[in-house]
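> Okay, handing you the structure first.
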Amino acid sequence: MTFMNIKRVVWFFVFMGIYSLIFQIGSMSEPTREEVEVFMEEFENVTEDIDAIGLFVHNTTLSLPMFIPGIGVAWGLFSAWSTGYAFANIAAITPGLAETPAFSILYYSPYGFMEIVAYSLGISRGFILIVGIIKKNNLKSLLKPTGAEIAIVIGLLLAGGFLEHYMIESEGSNPEISKEDEPVTYSSELPKACDGVTSVETQLHPTGEECVKLLNEQIFVYCLSENNEDESIAQGCRAKALMQMDQNCKGNEQSPYNTCMMTELKQAYQNMVPNQ
-15 MTFMNIKRVV WFFVFMGIYS LIFQIGSMSE PTREEVEVFM EEFENVTEDI DAIGLFVHNT
45 TLSLPMFIPG IGVAWGLFSA WSTGYAFANI AAITPGLAET PAFSILYYSP YGFMEIVAYS
105 LGISRGFILI VGIIKKNNLK SLLKPTGAEI AIVIGLLLAG GFLEHYMIES EGSNPEISKE
165 DEPVTYSSEL PKACDGVTSV ETQLHPTGEE CVKLLNEQIF VYCLSENNED ESIAQGCRAK
225 ALMQMDQNCK GNEQSPYNTC MMTELKQAYQ NMVPNQ
């Protein structure tokens, strides 16, 4: 490996580290209830009915400007912060997610890792190009590797888009509500999965994750039933409910936050019985 290739690899990892740091800073934001509501409404509009190609186009639109000399670095780091900020908004209304390390989104999910590799390639190449322009180097020698890296980024994001879409479809972020489905009966009796679950730290109990999912689901279905089956309004309704729980527990000095949130969720489950 030549000196220039080693230098290229070093810059790649340097900007991967910087991107991760800026992402982490963004994820530590504490958005207000109003900010969360606005974000979730916009997020729902953007992601509604999005498919693998839509995800690919969205991510590619973000990544290609990162190759622009100089400007691409600033754009890439802003993208890192805004992605972290988006995580903070979603975590604010998702009990248990707040305890999940933000880095896990980047490094432990396959599509997340593909995306950070693609973005780090783009940002570091944009930096190398602006340095070359400032030093008045022969830029023709940089065109071929730049083109190759753009092709790699497009390939990574295309594969990542299909993988992310597959995982979203498999897991489902919200309960599927269809008039053709058999009606589901909800009651104020807590699910069996919640027996013994005392905290939203789901890893502490074997059925903790299922419990939190079911409790969240009933809040969402209740909000649907109260808002003429309008999913966008129901999202905002659930966000308000969860943000209120969050505020209640942050001001509760008698109970640990995660325990308080589970108590609040259970109470909400028992009170928010959807209209049948």
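Numbering (our numbering), first residue to last: -15 to 260. All residues carry an ideal CB built from backbone N, CA and C; glycine is no exception.
Since F(-4) and S93 should fall inside the 8 angstroms C-beta cutoff, what is the C-beta to C-beta distance between them, to a whole number of angstroms?
Your numbering for residue -4 matches position 12 in the sequence shown. Your numbering for residue 93 matches position 109 in the sequence shown. With a Cβ gap of about 20 angstroms, F(-4) and S93 do not count as contacting.
> Report the start-end ranges of each alpha helix (DSSP H) in the segment 56 to 102 that is 4 residues or longer and not cut off at the edges.
87 to 91, all fully within the segment 56 to 102.
> Closer than 7 angstroms by C-beta to G131: which residues in its own chain qualify, once you throw out the five before and the five after it? Chain order, please.
Working through the sequence shown from its first residue, we reach residue 131 at position 147. Around G131: no qualifying Cβ.
> If we ignore side chains and look at the alpha-carbon of each, how far apart do I217 and V(-6) end up?
Position 233 of the sequence shown, counted from the start, is the residue given in the question as residue 217. Position 10 of the sequence shown, counted from the start, is the residue given in the question as residue -6. So the two alpha carbons sit approximately 47 angstroms from each other.
> Considering Cα atoms alone, identify which of V137, Q251, L208 is closest to P49.
Sequence index remark: in the sequence shown, residue 49 carries index 65 (1-based). Minimum Cα distance to P49 is reached at V137.
> Determine the direct distance from the alpha carbon of G56 to that of M246, and round the result to whole angstroms.
Residue mapping note: residue 246 aligns to position 262 of the sequence shown, counting from 1. Residue mapping note: residue 56 aligns to position 72 of the sequence shown, counting from 1. Roughly 43 angstroms separates the two Cα atoms.
> From D214 to K119, what distance separates their C-alpha atoms?
As a working mapping, residue 214 is identified with position 230 in the sequence shown. As a working mapping, residue 119 is identified with position 135 in the sequence shown. Each residue's Cα considered, the two are about 57 angstroms apart.
> Please list, in chain order, all residues of the same chain as I100 whose beta carbon is under 6 angstroms from its beta carbon, the five residues on each side excluded.
For this step, residue 100 is matched to residue 116 along the sequence shown. These residues qualify, in order along the chain: L90.
> Could you check how far apart the C-beta atoms of L199 and Y253 are, in whole angstroms? I think they sit under 8 angstroms.
On the sequence shown, position 215 is the one that residue 199 refers to. On the sequence shown, position 269 is the one that residue 253 refers to. About 5 angstroms; that satisfies the 8 angstroms criterion.
> Figure out for me which residue from Q251, E194, G144 has the closest Cα to the Cα of D35.
Looking up residue 35 in the sequence shown gives position 51. Checked all of Q251, E194, G144; the closest Cα to D35 is G144.
> Report all residues from its chain with a CB closer than 7 angstroms to the CB of A225; omit the five preceding and five following residues, and keep chain order.
Here residue 225 refers to the residue found at position 241 of the sequence shown. Taken in chain order, the residues that qualify are I203, A252.
> Taking Cβ to Cβ, would you say Y103 is nearer than 8 angstroms to Y206?
Counted from its first residue, the sequence shown places residue 103 at position 119. Counted from its first residue, the sequence shown places residue 206 at position 222. Contact flag unset, no.
> For I(-10), does the count of other Cβ atoms within 10 angstroms reach 16, so buried, or fall short, so exposed?
What you label residue -10 is simply residue 6 of the sequence shown in a count that begins at 1. Counting Cβ neighbours within 10 Å, I(-10) comes out exposed, since fewer than 16 surround it.
> Is it a yes or a no for the segment 69 to 77 touching the segment 11 to 31, going by three-plus beta-carbon pairs under 8 angstroms?
Contact between the segment 69 to 77 and the segment 11 to 31 is present, because at least three Cβ pairs lie under 8 angstroms.
> Is L46 near H149, with beta carbons less than 8 angstroms apart?
Locating residue 46 in the sequence shown gives position 62, counting from the first residue. Locating residue 149 in the sequence shown gives position 165, counting from the first residue. No, these two residues do not count as a Cβ contact at 8 angstroms.
> Need the endpoints of the alpha helix (DSSP H) that F40 sits in, please.
Counting from one through the sequence shown, the residue named residue 40 turns up at place 56. First-last of the alpha helix (DSSP H) with F40: 36 to 47.
> If you compare alpha carbons, which of L113, S63, H42, E185 is closest to L249?
Position 265 of the sequence shown, counted from the start, is the residue given in the question as residue 249. Ranking L113, S63, H42, E185 by Cα distance to L249 puts E185 first.
> Output needed for G6: all residues of its chain with C-beta closer than 8 angstroms, excluding positions within five of it in sequence on either side, in chain order.
The residue labelled residue 6 in the question sits at position 22 within the sequence shown. Sequence check: residue 6 is Ile here, not Gly. Correct list, in chain order: L61, A64, W65, G68.
> For I112, collect the residues of the same chain with a Cβ closer than 8 angstroms to its Cβ; drop the 5 residues on either side in sequence, then sort them by chain order.
Within the sequence shown, residue 112 is the residue found at index 128, counting from 1. Answer for I112: R(-8), W(-5), L126, listed in chain order.
> If you count every other CB in all the chains shown that lies within 10 Å of the CB of A135, and 16 or more means buried, which is it?
Translated into the one-based positions of the sequence shown, residue 135 becomes position 151. Its Cβ having fewer than 16 others within 10 Å, A135 is exposed.
> Quick check: what's the CA-CA separation for D165 versus E133?
In the sequence shown, the residue the question calls residue 165 occupies position 181. In the sequence shown, the residue the question calls residue 133 occupies position 149. Residue placement at D165 is poorly supported in this model, since its pLDDT is 45, which falls under 50; the coordinates still yield a value, given next. For D165 and E133, the distance between alpha carbons rounds to 47 angstroms.
> With hydrogens ignored, establish whether the beta-carbon of K176 is closer than 7 angstroms to any heavy atom of the ligand PLP.
The model on display carries no ligand, and the ligand PLP is accordingly not part of it.
> Is D230 buried or exposed, if buried means 16 or more other CB atoms sit within 10 Å of its CB?
Residue mapping note: residue 230 aligns to position 246 of the sequence shown, counting from 1. Counting Cβ neighbours within 10 Å, D230 comes out buried, since at least 16 surround it.
> Should V181 be labelled buried (16 or more other beta-carbon atoms within 10 Å of its own) or exposed?
Along the sequence shown, read from residue 1 onward, the residue named residue 181 stands at position 197. The residue is buried, with at least 16 neighbouring Cβ atoms inside 10 Å.
> Would N43 be called buried (16 or more neighbouring beta carbons within 10 Å of its own) or exposed?
Within the sequence shown, the letter at position 59 stands for residue 43. Looking at its Cβ environment, which holds 16 or more other Cβ atoms inside 10 Å, N43 is buried.
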